[in-house]
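**Q** What follows is a structure written as structure tokens; I'll ask about it next.
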Amino acid sequence: MNPVAIPVLHSAVAIMTPLLLASMGGLFTELSGMLNIALEGLMLMGAFASIVFTHFTGNMVVGIALGVLASMLLAAILGTVTLHLKSNVFITALAANLFASGLTVVLSFKLFGNKGVVVFNDIGRLPRLDIPALAKIPVFGDIFIGHNIFVYLSWVLLALCAWVLYRTPFGFRLRATGIHEQAMVSLGMRPSRYRFIAFLVSGFTCALGGAMLTLNLGAFVPNITSGKGWIALVVIFLGQKKPIGLLFAALVFGFADAFSNYAQGAWNVPADFILAIPYVFTLVAMVLFSIYTSRKNRVE
Amino acid sequence: MEHALEMRGIVKIYTETGLRANDGVDLTLNKGQILCLAGENGAGKTTLMKVLYGLEKPDAGTISVMGKPVSITSPLQANRLGIGMVHQHFMLVDDFTVAQNVTLGKEPLKGRFSYDLKGADEAVDAVIRRHRFSIDATKRVGSLTVGQKQQVEIVKMLYRDVDILILDEPTAVLTEQEIESLFITLRALAEHGTSLILITHKLHEITAISDRVAIMRQGAMVGDFPTDSVDGKQISRLMMGQSVSLVVDRLPYTPVQHPVLRFDNVSVLKRNQQRPLLDGVSFAARSGEILGFAGVGGNGLGVLEAVLGGFLPISSGAIVHKDEDISRLDSHALRKRGLAYVPADRLQVGSALKATVSENLIVDARNEFTRHGVMQRKKIEAHTQSLLKTYSVKGSPSMPIGTLSGGNIQKVILAREITQYQDYIVFSEPTWGLDIASSRFVYERMVQLRDEGAAVLLISSNLDEILAVSDRVIVMYRGTIVAVLEAEELRQVTKEDMGAYMLGLRQQEAPHG
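As you go down the protein sequences, you meet chains A and B in turn. Read left to right, the first sequence gives residues 4 to 303 (the numbering used here). Read left to right, the second sequence gives residues 466 to 978 (the numbering used here).
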């Protein structure tokens, strides 16, 4: 195999992880019948809170846990305003994004006197996992070992996600809510309850996705998520709203990103063009996807 | 005998509209009894049943089930008390299997958290077999027929062990055979001791299935009898508040011979299709007559409606209105020329459900209600109020039209289209799903238009309706005209004759409309 390909694929697997995590939570809200565009804000909240709490508590596990809580709190507010006060989910989610973007910078300035990049030197590296059994497999082993724990956690969570959605009463009710809300009402169940839980789940997984970004870097950069929450939304649709689909769709974007990182160093092309690759990729993927689905619908 | 159910003095007032949907209603039901709850659209039947099923909270009144007073605040609680409801519109998740739909909310578990999918299949299959239904528990609901979907709804309630089953207009969407097998099922359920309440306004169904009939009018219970002690006329009188007949007073038909709209050899052929949907159709609609189009579904009536409405371009021939060829015009252009059209699908095509009654009424005539591009509220309000009064619509201008009953929605559409009409007007299935009073209202308007000199085109699969109001009848079969009936011939034609034409068993020689 091409010696360049393995490092690119290895970094693709790492890059796809925040996307995969965020899209998992987004899948819950999507299947419950809501377009949750707040993934970006939830990720950012988790990213900021995780590293700040890790810094203050000196413990990464506690830091991540509090970061997850912060993001879930924002998700709970979003859920309450949308489901109980009946405001439009698109508007409130947009507000949540702006809120997260503003709040993180304000707090960063208050706490560290810096509106720009804040580097935390006291934070250890994210633990990496080497699975000896995996390492022995050629190529495959080279691509999938030596990642940080978030990467492996995301695979476990994805399996859990699939089980919850397709093998538990909760999953069936959640999906029923998205497909035919009145059917749920007619059986005495409250769709808003299932949607609220879906919001919490999206807060949970988005926070993990965000935490990986900052903890891996050991620093907080304003708007560090840089559109990853939006791409996670695309991943949901490209993955046909199925857990296994998310994995492939996220990998596609992870690869595009890894490739552009590689190309930046290797090719003599203006960086701006290369940095645009993932976005061009998103556009092309969406167009191809919509052509594919419209073909499929026509056949049916 | 102990009452399975007793409702006393139920009052339900809708606060948004102030409508007293139920005004002190009493209803009792015995064990194993089939009760038909009859009444016109908007009489309060569905509201009463929603109160019983916990979907609406009553403002006053008491309910007792099996002799015990209860308060029902949610469908879940209704289920626990043994009350189930099959809604008029199916409450099914198409992507799930039959078993998954039936068990939704009451899923069998494997361990503490895991949904026992196999257990669900088995449990649902057992219910299906016990009651001799013909559905497969593992099939996707989306792939079932309408009749089968209704069976799923009934199984859903039986799985919850209900003793009292409410069915809201269960036959509205079924074919004759499906209705027959539904009735067999319902009788078997009653024999097993289930008490049934059927909401309906069809007289022949009441006599065919029920032991008892309760009749509501304007939110009140106006009659309650054993079915075999009353006849259809009595029931109808109570429902209506007066005796009615289908026959409408009208001027004698004087063939005024000036054609308003003419079809010259019109054909519609879709790409990749062998057989044309319309095949060389020629006729003229004349002023001062009601021209009826009869036919069995799938023989060109729907296509004719789409062509008249400007949704479907024709492949050959010409459509001529006042000596001008209008074959190539779309809906917008046609309406500018005065096309007035009451579509068969009043919910999707005829109205914008979320828009208000006012907005639906003026949607086509916005320019008349604006000054310098600004809507004139007062003028619109006055216009709407006067139309609502003329057409006796129960509803207010600012209500979303979707909250009105079917009959009232149709009246709003009629009001708009009759205001819009200039010399011809198309009615497609105008009384489909309407009660007798609303149907009669539609017929009277049609005759009134005809007496004023309009060319009225009535497309209908309801033979009684066609024969009762048309001055001339065109029968369609496989996209062509097979018979044109008028004057003496129309007066003497029997339903059997019509049936023979409609089914293609008989054909006139060179029929000319």
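Here a beta-carbon is modelled for each residue, glycine too, at the ideal position from N, C-alpha and C. The structure displayed is predicted, hence computed values, not measured ones.
Closer than 8 Å: is that where the CB of residue 159 of chain A sits relative to any heavy atom of the ligand ATP?
**A** Summarising the ligand content, the structure contains no ligands, and the ligand ATP is consequently not present.
**Q** Output, in chain order, the set of chain B residues within a Cβ distance shorter than 7 Å of residue 87 of chain A.
**A** None at all; the shortest Cβ gap to chain B is about 17 Å.
**Q** Quick check: the Cα distance between residue 727 of chain B and residue 860 of chain B, rounded to an integer number of angstroms?
**A** Taking the straight line from one Cα to the other gives about 38 Å.
**Q** What does residue 992 of chain B reach in chain A if we use C-beta pairs closer than 8 Å?
**A** The structure shown does not extend to residue 992 of chain B, since chain B is modelled only from 466 through 978, so no value can be given for it.
**Q** What do you get for residue 942 of chain B, buried or exposed, if any count of 16 or more other CB atoms within 10 angstroms of its CB means buried?
**A** Buried is the call here.
**Q** To the nearest angstrom, how far is it from the Cα of residue 937 of chain B to the Cα of residue 928 of chain B?
**A** Near 13 Å, if we compare the C-alpha coordinates of residue 928 of chain B and residue 937 of chain B.
**Q** For chain B, check one thing: does any of its Cβ atoms lie closer than 9 Å to the Cβ of residue 182 of chain A?
**A** Closer than 9 Å to some Cβ of chain B, the Cβ of residue 182 of chain A qualifies, so yes.
**Q** Can you give me the Cβ contacts of residue 709 of chain B inside the same chain, cut-off strictly under 7 Å, excluding the 5 residues immediately before and after it?
**A** For residue 709 of chain B, the pLDDT reaches just 45, beneath the cut-off of 50, and the residue's location in the model is therefore unreliable, although a value from the coordinates is still provided. These residues qualify, in order along the chain: 701, 901, 905.
**Q** Could you tell me how far apart the beta carbons of residue 67 of chain A and residue 223 of chain A are, in whole angstroms, since I believe they sit closer than 8 Å?
**A** That belief does not hold up - the Cβ atoms of residue 67 of chain A and residue 223 of chain A are roughly 14 Å apart, past 8 Å.
**Q** Using a Cβ-Cβ distance cut-off of 9 Å, determine whether residue 31 of chain A contacts chain B.
**A** So no, residue 31 of chain A is outside the interface.
**Q** So with CB distances below 7 Å, who are the chain B contacts of residue 185 of chain A?
**A** The answer, in chain order, is 556.
**Q** At the level of alpha carbons, what is the spacing between residue 178 of chain A and residue 498 of chain B?
**A** The alpha-carbon atoms of residue 178 of chain A and residue 498 of chain B are separated by roughly 37 Å.
**Q** Which residue from A/61, A/208, A/18 puts its Cα closest to that of residue 3 of chain A?
**A** Outside the displayed range of chain A (4 to 303) lies residue 3 of chain A, so it cannot be described from this structure.
**Q** Could you give the residue range of the alpha helix (DSSP H) that holds residue 159 of chain A?
**A** Segment 152-170, the alpha helix (DSSP H) holding residue 159 of chain A.
**Q** Threshold first: 3 residues or longer. Then list the beta strand (DSSP E) segments lying entirely within the stretch 507-568 of chain B, N to C.
**A** 525-530, 533-535, 548-551, all fully within the stretch 507-568 of chain B.
**Q** In chain order, what residues of the stretch 148-177 of chain A put their CB closer than 9 Å to some CB of chain B?
**A** Listed by position along the chain: 166, 167, 169, 170, 171, 172, 173, 174, 175, 176.
**Q** Can you give the Cα-Cα distance for residue 889 of chain B and residue 978 of chain B, rounded to whole angstroms?
**A** For residue 889 of chain B and residue 978 of chain B, the distance between alpha carbons rounds to 16 Å.
**Q** To the nearest angstrom, how far is the alpha carbon of residue 793 of chain B from that of residue 543 of chain B?
**A** Cα to Cα, the separation comes out at about 57 Å.
**Q** Please classify residue 832 of chain B as buried or exposed, where buried requires at least 16 other C-beta atoms within 10 Å of its C-beta.
**A** Per the 10 Å Cβ criterion, exposed.
**Q** Please work out which residues of its chain come closer than 8 Å, Cβ to Cβ, to residue 286 of chain A, disregarding the five sequence neighbours upstream and downstream, and give them in chain order.
**A** Closer than 8 Å at the Cβ level, and outside the excluded window around residue 286 of chain A, lies no residue.
**Q** If you follow the beta strand (DSSP E) that residue 937 of chain B is part of, which residue opens it and which one closes it?
**A** 937-942 is the span of the beta strand (DSSP E), which, as asked, contains residue 937 of chain B.
**Q** I need the boundaries of the alpha helix (DSSP H) containing residue 54 of chain A, first residue and last residue.
**A** Here the alpha helix (DSSP H) through residue 54 of chain A covers 42-60.
**Q** Pick helix, strand or coil for residue 590 of chain B, following the three-state DSSP scheme.
**A** Of the three classes helix, strand and coil, the one that applies to residue 590 of chain B here is helix, per DSSP.
**Q** Can you find a C-beta in chain A that's less than 9 Å from the C-beta of residue 553 of chain B?
**A** Output row for residue 553 of chain B: interface = no.
**Q** Could you tell me which chain B residues have their CB closer than 8 Å to the CB of residue 179 of chain A, listed as they occur along the chain?
**A** In chain order: 558, 561, 569.
**Q** Could one say the Cβ of residue 975 of chain B lies closer than 9 Å to chain A's Cβ atoms, at least one of them?
**A** Chain A, which has no Cβ nearer than 9 Å to the Cβ of residue 975 of chain B, makes this no.
**Q** Give a yes or no on whether the minimum CB-CB distance between residue 580 of chain B and chain A is below 9 Å.
**A** Output row for residue 580 of chain B: interface = yes.
**Q** Are the stretch 806-814 of chain B and the stretch 827-843 of chain B touching by the rule of at least three beta carbon pairs closer than 8 Å?
**A** No: the two stretches stay apart, fewer than three of their Cβ pairs being nearer than 8 Å.
**Q** Determine whether the Cβ of residue 565 of chain B lies closer than 9 Å to any Cβ atom of chain A.
**A** Cβ-Cβ to chain A under 9 Å: yes for residue 565 of chain B.
**Q** For residue 805 of chain B, which of helix, strand or coil comes out of DSSP?
**A** Of the three classes helix, strand and coil, the one that applies to residue 805 of chain B here is strand, per DSSP.
**Q** Is residue 65 of chain A close to chain B? Criterion is C-beta to C-beta, closer than 9 Å.
**A** False, the Cβ-Cβ gap to chain B never drops below 9 Å.
**Q** Under 9 Å between the Cβ atoms of residue 782 of chain B and residue 729 of chain B?
**A** It is a contact, given that the beta carbons lie within the stated cut-off.
**Q** Only counting the same chain, and skipping five residues up and downstream in sequence, which positions put a Cβ closer than 8 Å to that of residue 926 of chain B?
**A** 759, 760, 761, 762, 766, 894, listed in sequence order.
**Q** Could you tell me the alpha carbon to alpha carbon distance between residue 664 of chain B and residue 686 of chain B, rounded to whole angstroms?
**A** So the two alpha carbons sit approximately 14 Å from each other.
**Q** Starting from residue 260 of chain A, follow the beta strand (DSSP E) in both directions and report where the run begins and ends.
**A** Here residue 260 of chain A belongs to no beta strand (DSSP E); instead the alpha helix (DSSP H) covers 246-269.
**Q** Step through the CB atoms of chain A and report whether any lies within less than 9 Å of the CB of residue 546 of chain B.
**A** Output row for residue 546 of chain B: interface = no.
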